[in-house]
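Here's the structure we're looking at; comments come further down.
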Amino acid sequence: MGVQPRISVTLPVHNGERYLGHAISSILGQTFPDLELIISDNASTDATEEICRGFEAQDRRVRYIRQAKNVGASPNFNICYRLASSEYFKWAAHDDFLEPEYLAACIEALDAAPDAVLCQSLVRLVDDGDRLIEVYRAVEPAAASPDPAERFAARMRNPRCLDIWGVIRMSALRDSVLIGSYVGMDRALLLELALRGRFLAIGRPLFSNRDHPERATRVTRTQTRKDLAAVYDTANAGQTVLSTWLFYKESAGIIRRNLAGAGPRLRCFGHLLLSLGRTWNLAFLVIEPLMGLTPSVHAKAKSFKRSLWRAKQRLLGQT
23 MGVQPRISVT LPVHNGERYL GHAISSILGQ TFPDLELIIS DNASTDATEE
73 ICRGFEAQDR RVRYIRQAKN VGASPNFNIC YRLASSEYFK WAAHDDFLEP
123 EYLAACIEAL DAAPDAVLCQ SLVRLVDDGD RLIEVYRAVE PAAASPDPAE
173 RFAARMRNPR CLDIWGVIRM SALRDSVLIG SYVGMDRALL LELALRGRFL
223 AIGRPLFSNR DHPERATRVT RTQTRKDLAA VYDTANAGQT VLSTWLFYKE
273 SAGIIRRNLA GAGPRLRCFG HLLLSLGRTW NLAFLVIEPL MGLTPSVHAK
323 AKSFKRSLWR AKQRLLGQT
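Residue numbers for the sequence shown follow the numbering used here, so the first one is 23 and each next one is one higher.
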């Protein structure tokens with residue numbers, strides 16, 4: 023390809039034939055043309071390979087790599103990172119799509135703010151027919167604070183992780199935790215990025231995230247923790263991965279590794295402890311060790327959690 027492009031857009035995919043063509047077309051149709059698209063096919067068994075090779079034959083910016091066997095979602099995400107070497111980096115999903123100005127807007131914002139490490143636009147949540155469900159702000163205002171502890175707290179408060187699909191400064195990803203092989207691994211990486219620099223928000227909905235019945239987050243809701251272990255990393259097949267424990271252990275290491283002063287460290291550890299009271303994390307710290315012995319515990323706990331959430335939403339709707 024000669025001169026390295028300014029951004030590497032990477033697309034880890036497994037059996038994504040239904041929406042893949044739309045996703046790739048939206049990337050290659052950007053008004054910011056100085057890009058490469060790296061596709062890592064995790065041993066798909068549908069028409070994914072045929073679709074990708076078709077785009078590769080038509081556009082020299084496309085590089086298609088096929089894994090010999092299914093390695094799991096998390097290793098495939100990290101393979102994408104290792105294949106990239108541009109100034110900016112982005113993960114893309116096979117069922118999402120971008121407006122033509124997305125990359126130009128994010129890169130312009132990051133170019134103007136050298137202390138920022140990530141930029142994401144407002145997010146359009148759409149269904150399988152591209153109908154709008156909601157517009158969501160992926161980056162909280164406090165995530166743009168010059169104070170790393172405030173950014174850490176903002177990221178801890180955010181229940182969604184749609185900023186992981188933003189444009190990221192490659193230097194901020196170096197020596198980071200990347201994508202771990204457990205549920206909630208994207209939250210850990212976002213916490214580390216928040217300690218390394220500010221998050222920027224584009225006030226226009228230029229990124230569309232698709233919610234559909236085959237979406238990974240929906241399919242995995244019905245799976246046991248042992249099943250999920252293999253989805254995230256096939257090397258963990260048959261094991262019970264204590265994701266909540268791993269997340270908090272990883273987060274503690276992130277604080278120690280990225281903050282030198284005792285004051286900022288203590289503030290971040292305080293926010294980490296507060297998160298146990300705000301969410302179901304404390305309950306899952308207790309429940310997770312039982313999941314390997316009794317898989318039904320996981321399903322019952324998640325069902326109860328969803329019931330509480332629906333009750334809370336109804337209560338809020340009445341006030």
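For glycine and all other residues, C-beta sits at the position ideal for the given N, C-alpha and C.
- Item | Beta-carbon proximity check, Asp117 vs Gly38, cutoff 9 Å | As a first step, residue 117 is located in the sequence shown; it is residue number 95 there, counting from the start. As a first step, residue 38 is located in the sequence shown; it is residue number 16 there, counting from the start. In contact: Asp117 and Gly38 (Cβ atoms closer than 9 Å).
- Task: On the DSSP bridge assignment, give the partners of Leu144 in chain order.
- Result: Stepping through the sequence shown from its first residue, residue 144 is reached at position 122. Beta-bridge pairing links Leu144 to Pro227.
- Task: Report yes if the C-beta distance between Glu58 and Pro27 is below 9 Å; otherwise report no.
- Result: Numbered from 1 along the sequence shown, position 36 holds the residue referred to as residue 58. Numbered from 1 along the sequence shown, position 5 holds the residue referred to as residue 27. The beta carbons of Glu58 and Pro27 sit closer together than 9 Å.
- Within the region 102–163, note down every full alpha helix (DSSP H) run reaching 4 residues or more, in order along the chain. Taken in chain order, the unbroken stretches of alpha helix (DSSP H) that lie wholly in the region 102–163 and span 4 residues or more are 124–133.
- Query: If you draw a straight line from the alpha carbon of Met23 to that of Ala305, how long is it in whole angstroms?
  - Reply: Mapped onto the sequence shown, residue 23 falls at position 1. Mapped onto the sequence shown, residue 305 falls at position 283. Reliability of the predicted coordinates at Met23 is poor, the pLDDT of 47 falling under 50, and no value is obtained from them.
- Just the Cα atoms here: how many angstroms apart are Leu184 and Arg289? Position 162 of the sequence shown, counted from the first residue, corresponds to residue 184. Position 267 of the sequence shown, counted from the first residue, corresponds to residue 289. Going by C-alpha positions, Leu184 is about 25 Å away from Arg289.
- Task: May I ask which residues mark the beginning and end of the beta strand (DSSP E) holding Ile29?
- Result: Reading the sequence shown from its first residue, position 7 is the one you call residue 29. Note, Ile29: beta strand (DSSP E), Ile29 to Val35.
- Task: Starting from Asp63, follow its DSSP beta bridges and name the residues at the other end.
- Result: Your numbering for residue 63 matches position 41 in the sequence shown. DSSP lists Val35 and Arg88 as partners of Asp63.
- Task: Identify, in the order they occur along the chain, each residue of the same chain with its Cβ nearer than 8 Å to the Cβ of Asp56, setting aside the five sequence neighbours on each side.
- Result: One-based indexing of the sequence shown puts residue 56 at position 34. The answer, listed in chain order, is Pro27, Arg28 and Ile29.
- Ile186, DSSP secondary structure in three states: The residue you call residue 186 lines up with position 164 of the sequence shown. Helix.
- Task: Write down every uninterrupted run of the alpha helix (DSSP H) in the region 275–301 whose length is 4 residues or greater and which is fully enclosed by it, in chain order.
- Result: Entirely contained in the region 275–301, the alpha helix (DSSP H) runs reaching 4 residues are, in chain order, 284–300.
- Query: Nearest-angstrom Cα distance between Cys74 and Glu123?
  - Reply: As a first step, residue 74 is located in the sequence shown; it is residue number 52 there, counting from the start. As a first step, residue 123 is located in the sequence shown; it is residue number 101 there, counting from the start. Straight-line measurement puts the Cα of Glu123 at about 23 Å from the Cα of Cys74.
- Query: How many angstroms separate the CA atom of Ala79 from the CA atom of Thr262?
  - Reply: Translated into positions along the sequence shown, residue 79 becomes position 57. Translated into positions along the sequence shown, residue 262 becomes position 240. It is roughly 42 Å from the alpha-carbon of Ala79 to the alpha-carbon of Thr262.
- Query: Mapping DSSP to helix, strand and coil, what is Leu57?
  - Reply: Counted from its first residue, the sequence shown places residue 57 at position 35. Leu57 falls in the strand class under three-state DSSP.
- Item | Which listed residue (Glu109, Asp149 and Ile129) has its alpha carbon closest to that of Glu236 | The residue labelled residue 236 in the question sits at position 214 within the sequence shown. Taking only the C-alpha atoms, the option nearest Glu236 is Asp149.
- What do you reckon, are the CB atoms on Asn92 and Thr256 nearer than 9 Å? What you label residue 92 is simply residue 70 of the sequence shown in a count that begins at 1. What you label residue 256 is simply residue 234 of the sequence shown in a count that begins at 1. Here Asn92 is near Thr256, since their CB atoms are less than 9 Å apart.
- Query: Roughly how many whole angstroms lie between the Cα atoms of Leu212 and Ile186?
  - Reply: By 1-based counting over the sequence shown, the position of residue 212 is 190. By 1-based counting over the sequence shown, the position of residue 186 is 164. Answer to the nearest angstrom: the Cα atoms are 7 Å apart.
- Query: Can you tell which of Trp267, Ala223 and Gly202 has its C-alpha closest to the C-alpha of Thr134?
  - Reply: The residue labelled residue 134 in the question sits at position 112 within the sequence shown. Sequence check: residue 134 is Ala here, not Thr. Ranked by how close their Cα comes to the Cα of Ala134, the residues Trp267, Ala223 and Gly202 have Ala223 in first place.
- Message: Just to confirm, is the Cβ distance from Ala194 to Leu125 under 9 Å?
- Response: Counting from 1 along the sequence shown, the entry for residue 194 is found at position 172. Counting from 1 along the sequence shown, the entry for residue 125 is found at position 103. Going by C-beta atoms, Ala194 is not nearer than 9 Å to Leu125.
- Query: Does the beta-carbon distance from Ala216 to Ala274 come in below 9 Å?
  - Reply: For this step, residue 216 is matched to residue 194 along the sequence shown. For this step, residue 274 is matched to residue 252 along the sequence shown. Result no, Cβ atoms of Ala216 and Ala274 do not sit closer than 9 Å.
- What is the DSSP secondary structure of Val25, counted as helix, strand or coil? Walking along the sequence shown from the start, residue 25 turns up at place 3. In the structure shown, Val25 sits in coil (DSSP, three-state: anything other than H, G, I, E or B).
- Distance, Cα to Cα, Ile49 vs Ala115? Reading the sequence shown from its first residue, position 27 is the one you call residue 49. Reading the sequence shown from its first residue, position 93 is the one you call residue 115. When rounded, the distance between both Cα atoms is 11 Å.
- Message: Going by DSSP, what residue range makes up the alpha helix (DSSP H) through Ser203?
- Response: In the sequence shown, residue 203 corresponds to position 181, counting from 1. In this chain, Ser203 is not harboured by any alpha helix (DSSP H), its DSSP state being neither H nor E.
- Item | Arg179, enclosing alpha helix (DSSP H) - first and last residue | For this step, residue 179 is matched to residue 157 along the sequence shown. Looking at the DSSP string, the run of the alpha helix (DSSP H) that includes Arg179 is Pro170 to Arg179.
- Query: Any idea if Glu272 is buried or exposed, counting beta-carbon neighbours within 10 angstroms, 16 or more meaning buried?
  - Reply: As a position in the sequence shown, residue 272 is number 250, starting the count at 1. With 16 or more other Cβ atoms within 10 Å, it is buried.
- With 16 other Cβ atoms within 10 Å as the buried cut-off, status of Ile190: Position 168 of the sequence shown, counting from 1, holds the residue named residue 190. By the 10 Å Cβ count, Ile190 comes out buried.
- Task: Indicate, with yes or no, if the ligand ADP has a heavy atom lying under 8 Å from the CB of Val157.
- Result: This structure lacks the ligand ADP; in fact it carries no ligand of any kind.
- Task: Could you give the DSSP three-state label for Leu222: helix, strand or coil?
- Result: Sequence index remark: in the sequence shown, residue 222 carries index 200 (1-based). Strand at Leu222.
- Task: With a 10 Å radius around its C-beta and 16 neighbouring C-beta atoms as the bar for buried, classify Gly219 as buried or exposed.
- Result: Mapped onto the sequence shown, residue 219 falls at position 197. Per the 10 Å Cβ criterion, buried.
- Task: Output the boundary residues of the alpha helix (DSSP H) element that contains Gly76.
- Result: Position 54 of the sequence shown, counted from the first residue, corresponds to residue 76. Judged by DSSP secondary structure, Gly76 falls within the alpha helix (DSSP H) whose first and last residues are Thr70 to Gln80.
- Output the distance between the C-alpha atoms of Ser47 and Glu121, rounded to the nearest integer angstrom. Position 25 of the sequence shown, counting from 1, holds the residue named residue 47. Position 99 of the sequence shown, counting from 1, holds the residue named residue 121. So the two alpha carbons sit approximately 10 Å from each other.
- Leaving aside the five residues before and after Pro286 along the sequence, list all residues of the same chain whose C-beta is less than 7 Å from its C-beta, in chain order. Within the sequence shown, residue 286 is the residue found at index 264, counting from 1. If the five residues before and after Pro286 are omitted, its C-beta is found closer than 7 Å to the C-beta atoms of Pro170 and Ala171, all from its own chain and listed in chain order.
- Message: Could you pull the DSSP bridge partners for Arg191 from this structure?
- Response: Within the sequence shown, the letter at position 169 stands for residue 191. Bridge partners of Arg191: Tyr110.
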